[in-house]
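Numbered per mature numbering (1 follows the signal peptide of the UniProt record, and there is no 0), the sequence shown spans residues -37 to -1, 1 to 489.
These notes concern the structure reproduced below.
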Amino acid sequence: MRTGKHRRPLLRSVTAVLALVAVVGSGPLAAPEPARAADTVRGLQWYLDALRIPEAHKLTKGRGVTVAVVDGGVHAAHPDLKGQVLPGRAFSPDVARDGRTDPDSESGHGTAMAGIIAGRGGGAMRELGIAPEAKILPVALGPEGPGRDLPSALRYAADAGADVINLSVGAPGSDPKITEAVRYALDKGAVVVASAGNRRVDRAVPLPANIPGVLAVGATGKGGSLWSGSVTGPEVGLTAPGERIIAPVPPPVSPNGYGVSDGTSQATAIVSGVAALVRARHPKLNAANVVNRLIRTAEDRGARGRDPEYGFGAVDVLAALTRSVPAVDGNPLLAAASPSPKPATGDDGDDGPAVSFGLADNAGLQLGLCLLAVLLVGVVAVVLIVVNRRAARRRAAAPPVGGPPPPPGVPHPGYGPPPAQRPGPHPYQPRPVAQPAPPHAYGPPGQHGAQPYGGQHGAQPYGGQHGAQPYGGRQGAPPYGPPGWQGGPPHGPAGPPPGVAGAPPPPGSTPGGHAAGAPPVDPEPR
């Protein structure tokens, strides 16, 4: 998830990959030493094996499914995306009218999301997407903010027949126009997937992930536990890998066309790809049952049942494709109720209702009764205070009983000199609000500690114009979205994985991270 223009190149480039590309493309040069798996693009896609994507691809690769990437544009000329990107639409003057360029020279966020979803692969040196036979529909947002373009973008994607809509963007608060547009897309049969947010900029699950019916996605780390930067909340529906995710980017971002980053944006793209696989494998399922299948087959983590950290659990690709799941009549995420623990299930997890929720009306009734009780107590307390004060005044005005008046100069019993004047309490001072740190620009590929897209805990989210007013006018609560969106700093990165500049060089490589004797070359333009 991201926002604005002032970002560093979001992805740390994979210099070992660059060196290998240089050798492969150098013609009659001597054959290089065999590359270690970790030094290839495929080798850095650790999440493919963790999710058992190679096994899933024996069942389906997403053919016939269209995934709309509502973002900042997609660099369709990247080798991993050639032939994958349909003509779309741009709401930004900086993007080609069909959305098939990416002007974001500092992060390439839209291109990265498209590559994670539908990179066509083709060997160890290419990005293999979750659904490599699906098609990408680019919908490029303008720099004015989500309130202006996102409703139109959602309606366009739905009208264009998108089966899945990926929203790795967000902003705080709510917006009725965006809510209406989400409902329109849901009614048109799209599965809407959105980022649950990154802690560096979000204190709660943001818009549009907080809209009922949207599948909000949090991020997990390489060990499977919740990524430290993932926002938690009752709206979270699923989690997916979001740490050190390699993705294709435009050449201005990384000379070799790849980089690695962290964040719920990446996790969202992965879940969108899985949704595409499910739609291809089960073409007769409507969107509601695709969502139900994803959450019902998830691997339960954290507290039993749905919880604010993992939602219904971590996405399980093979289970979502193969398990028998009872059908539902409507999107289970549309229920505005607090989730209750999942009922006990059999071995296949299919016994009982598709999703079990608590009854919202009971909670509202209990809250109303509590408020009424508090109000009654307050009224009684006020009445008692008034009665006691009136009684005190009557006693003070009555003449003394049982003795002559006191001599001159002696105060009347019960009265005395007024107490000494003391300074009153200090005026209310609002608690200082921590201001976001100055935006980290993403470092150039190979720079240690560079900030990639995605939003690592303690790192800046995607972009936002430096010093610009955040969407909605809320100070200190910037949104994130496509390049040029006003507000907020860019989402941040994680340390580079093996084979990435900034990490210790692998054996047989030079201190700069290149394979020995392999000069870098420019990659194909994206």
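Glycine included, each C-beta is placed from N, C-alpha and C at the ideal position.
- In this structure the stretch 197 to 216 lies against the stretch 2 to 21, because at least three pairs of beta carbons, one per stretch, are closer than 8 Å.
- Rounded to the nearest whole angstrom, the C-alpha separation of R259 and S70 is 34 Å.
- Secondary structure note for T231: its alpha helix (DSSP H) is the uninterrupted segment 227 to 244.
- By the neighbour-count criterion, in which 16 or more other beta carbons inside 10 Å mark a residue as buried, P106 falls on the buried side.
- One thing to note: A159 has its Cβ within 8 Å of the Cβ of V180.
- The three-state reading of DSSP puts K140 in helix, counting H, G and I together.
- Per DSSP, the unbroken beta strand (DSSP E) holding D34 starts and ends at 29 to 34.
- Looking at the DSSP output, T183 shares a beta bridge with L189, P204.
- Runs of the alpha helix (DSSP H) lying entirely within the stretch 98 to 173, each at least 4 residues long, are 109 to 122, 139 to 150 in chain order.
- The criterion of a C-beta distance shorter than 8 Å is satisfied by I128 and A148.
- Beta-bridge analysis with DSSP links E262 to A277.
- Taking the C-beta atoms as reference points, L178 is found nearer than 8 Å to V155.
- Rounded to whole angstroms, E96 and G25 show a C-alpha spacing of 5 Å.
- For the options P289, L113, T183, R166, the alpha carbon positioned closest to that of R146 is the one of L113.
- A Cβ-Cβ distance of about 15 Å is found for the pair G73 and E90, leaving them out of contact under the 8 Å criterion.
- Taking 8 Å as the cut-off, the beta carbon of G176 is found closer than this to the beta carbon of N294.
- Around the beta carbon of G205, 16 or more other beta carbons lie within 10 angstroms, which makes this residue buried.
- Boundaries of the beta strand (DSSP E) harbouring V223: 221 to 224, taken from the DSSP string.
- Around the beta-carbon of D150, fewer than 16 other beta-carbon atoms lie within 10 Å, marking it exposed.
- DSSP, reduced to helix, strand and coil, places P175 outside both helices and strands of the structure shown, so it counts as coil.
- Taking the Cα of N219 as reference, the smallest distance to any Cα among E198, P17, L248, M88 is reached at M88.
- A157 is classed as buried because its beta carbon has at least 16 other beta carbons within 10 Å across all chains shown.
- Bridge pairing for V254: absent [DSSP].
- Beta-bridge pairing by DSSP links L91 to R83.
- In this structure, the straight-line span from the alpha carbon of R52 to that of A282 is close to 35 Å.
- The beta carbon of T195 lies closer than 6 Å to those of P271, E272 in the same chain, with the five residues before and after it left out.
- Beyond the five residues adjoining it in sequence on each side, R60 comes within less than 8 Å, by CB distance, of R52, A53 in the same chain, given in chain order.
- It is roughly 24 Å from the alpha-carbon of V102 to the alpha-carbon of A182.
- Between the stretch 188 to 202 and the stretch 222 to 238 there are three or more inter-stretch CB-CB distances shorter than 8 Å, so the stretches are counted as touching.
- Boundaries of the alpha helix (DSSP H) harbouring R5: 4 to 7, taken from the DSSP string.
- D122 has its alpha-carbon roughly 22 Å from the corresponding atom of G46.
- Residue state for P211 is assigned as strand, using DSSP reduced to three classes.
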